[in-house]
Amino acid sequence: MEVQSATPTGPWQDQLDNVCRDAQLRPPVFQIVSDRRGGRTAWSSRVTVHGKTLAARFWYDGKNLNNAREDAAECAVKWLTGSESSSPTQQQWGW
Numbered sequence: 001m002e003v004q005s006a007t008p009t010g011p012w013q014d015q016l017d018n019v020c021r022d023a024q025l026r027p028p029v030f031q032i033v034s035d036r037r038g039g040r041t042a043w044s045s046r047v048t049v050h051g052k053t054l055a056a057r058f059w060y061d062g063k064n065l066n067n068a069r070e071d072a073a074e075c076a077v078k079w080l081t082g083s084e085s086s087s088p089t090q091q092q093w094g095w
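Everything in the sequence shown is counted per the UniProt record's numbering, starting at 1 for the first residue and increasing by one.
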């Protein structure tokens with residue numbers, strides 16, 4: 001199951017929006033994904049930005065969906081700003 005959200009609701013999501021705006025990139029697109037695990041469902045998030053889809057590092061309980069979006073946004077900010085080894089700035093990509 002996938003659900004999309006376009007409204008930032010946390011510091012990492014806000015920071016990601018700002019980084020994209022400053023770099024003149026399209027706004028990030030978040031997806032919420034679920035995985036049935038026994039009698040429960042685990043939730044996570046992915047975000048697509050600058051042609052790359054980055055997944056949140058962890059899975060969350062359904063009541064913590066915003067944490068999943070924050071996790072994915074943090075990964076994307078670090079990727080875009082060069083805090084990760086595979087980031088565009090580390091590879092000398094221009095925008």
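For every residue, glycine included, the Cβ atom is placed at its ideal position computed from N, Cα and C. Keep in mind the model is a prediction, meaning the values are calculated, not measured.
Contact under 9 Å by Cβ, residue i with residue j
i	j	result
Ala-76	Val-33	no
Cys-20	Pro-27	yes
Cα-Cα separation, residue i to residue j
i	j	result
Ser-44	Ala-23	27 Å
Phe-30	Gly-39	26 Å
Gln-13	Glu-74	7 Å
Asp-35	Ser-83	29 Å
Given residue i as reference, the closest of the options once Cα atoms are compared
i	options	result
Tyr-60	Asp-71, Lys-52, Thr-53	Asp-71
Leu-65	Arg-37, Leu-25, Ala-42, Arg-36	Ala-42
Lys-78	Leu-54, Asp-35, Phe-58, Gly-62	Leu-54
Arg-37	Val-47, Lys-52, Gly-62	Gly-62
Close Cβ partners of residue i (< 6 Å) along its chain, the five nearest in sequence each way excluded
i	result
Ala-56	Ser-44, Ser-45, Ala-68, Asp-71, Ala-72
Helix, strand or coil at residue i [DSSP, three-state]
i	result
Asp-61	coil
Leu-54	strand
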